[in-house]
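Chemist: In the numbering used here, the protein residues as written are 26 to 306. Beta carbons: idealized from backbone N, C-alpha and C, even for Gly. Since this is a predicted model, take the numbers as computed values, not measurements.
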Amino acid sequence: MSSDTLAKPAAAAAAAPVRIVAQRRLGQWAAAAVVLVLLGLAVNSVVRNEAFQWDVVADYFTSASVLRGLWLTLWLTAVVMLLGFALGTLLAAGRLSANPVLRSVSWGYVWLFRSMPILVQLLLWFNIGALYPQILGVKTVNLLGPVTVAIVGLTLHEAAYAAEVVRGGILSVDRGQIEAAQALGLSRWRRWWRIVLPQAMRSIVPPAGNMLIGTLKGTSIVSVIAVQDLLYSVQLVYHRTYQVIPLLMVATVWYVVVTSVLSVGQYYVEKHYARGSERTR
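What follows is the structure, given as C-alpha cells:
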C-alpha cells in the first residue's frame, strides 16, 4: 500500500468539521428552576395577601398629599446633589492641590463628615440654637426651618462622598494624556474641559448615579425633623386612618418607580461617556 493511499484517510479526517457539544449544566438549570418557583411563590403571596390592601394603595397612590410629598422628595434630591457635587468638586480640587493647607483641610472635612451618621448631623443642625444661641450677633434659635436644615445637612454629608468620587475620576485619567495636552500648548482650562473631564466622567458617572439613587432614598430620613417628604406625607395619612401597611406600600412603589427611571437615565449617560472605549466582539 502506497504512502499516498495512507495519507488520504488522514487528510479526510483532518478536513472533517469538528462537532462541538455544549456542556450540560444540569445544576444551573435546577437552581434556576428553584429560583423561579420561589420567585413565583413570593409574587403570589404579595399579590394575594389581603393585608396589603391594594385597593387602598390605588386610592392614595395619586392623592394630593402624596404627590406633594413626592415633589418635595424629588426637589430636595436635585438640590442636594447639585450643591453636594459643587462643594465636593472644590474639596476634590483641594485634595489634589499642591498646597498642604488645602490638602489637609479637604481631607479633614471628608474624614469628619463621612464619620458622622447623617441622622446625627441633621439633629445637630436642627438644634443649632442650643449649641450657638448667637452667631455674629444673629440669634440662631428658629433661624433655620426644617427644609433648610435638611438641605444643609444632606448637602454637607453628600459633599464628602462626592469629593472622593470626583477625585477618583480625575486620578483615573492617564497622566500621559495631560502631558500630551500640555505639549500641544492647550491652556489649563481647555486641558481640563476637553481632555481630563470627558475621560474622568467614565469613572465618575457610575458611583455618582448610585449616590443619586441613594440620596433619593436617603431623603426619607428628614421625616424625623418634620419635613413633609414622601415618607412623612404617608405617615400623616396612616396616623389618621391606621392603614399603615398600604400607605407604606404607596411610598415604596413610588420609590421603586423613581429609582427605575433614574437607573435608565444612568445607563444612557454611562453609555454616552463610554463611547470609544467599549469593546467590540
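(1) Roughly how many angstroms lie between the CA atoms of Gln-253 and Val-282, to the nearest whole one?
(2) Could you give the distance in angstroms between the alpha-carbon of Val-259 and the alpha-carbon of Asp-80?
(3) Return the chain-ordered ranges of every alpha helix (DSSP H) run that is complete within the stretch 59 to 121 and spans a minimum of 4 residues.
(4) Is it buried or exposed for Ser-248, if we count other Cβ within 10 angstroms and need 16 for buried?
(5) Indicate whether Thr-180 and Leu-241 have their beta-carbon atoms separated by less than 8 Å.
(6) For the putative contact between Ser-228 and Gly-201, defined by C-beta atoms under 8 Å, what is the C-beta separation to the nearest angstrom?
(7) Hey, quick one: how far does the alpha helix (DSSP H) through Arg-128 stretch, first residue to last?
(8) How would you write the range of the alpha helix (DSSP H) that Leu-273 sits in, first residue to last?
(9) Can you grab the Cα-Cα spacing for the pair Leu-95 / Leu-209, in whole Å?
(10) Should Leu-144 and Ile-246 be called a contact, given that it needs their Cβ atoms to be closer than 8 Å?
(11) Shortest alpha-carbon distance to Val-82 belongs to which of Gln-207, Gly-154, Ala-276?
(12) Compute the distance between the beta-carbons of Ala-76 and Ile-270, then report whether it is under 8 Å.
(13) Compute the minimum distance between the beta carbon of Leu-161 and the heavy atoms of the ligand PLP, and state whether it is under 7 Å.
(14) Looking at the strands, I want to know which residues DSSP matches up with Lys-164.
(15) Under the three-state reduction of DSSP, which class applies to Gln-260: helix, strand or coil?
(16) Taking the alpha-carbon positions, what's the Tyr-293 to Val-286 distance?
Modeler: In short, the structure shows the following:
(1) 20 Å
(2) 16 Å
(3) 79 to 86, 89 to 120
(4) buried
(5) No, the Cβ-Cβ distance between Thr-180 and Leu-241 is not below 8 Å.
(6) About 17 Å separates the two Cβ atoms, so there is no contact after all.
(7) 125 to 140
(8) 269 to 298
(9) Straight through space, the alpha carbons of Leu-209 and Leu-95 are spaced by roughly 50 Å.
(10) It is a contact, given that the beta carbons lie within the stated cut-off.
(11) That would be Ala-276, whose Cα lies nearest to the Cα of Val-82.
(12) yes
(13) Ligands are entirely absent from the displayed structure, and the ligand PLP is therefore not among its contents.
(14) Gln-159
(15) helix
(16) Answer to the nearest angstrom: the Cα atoms are 11 Å apart.
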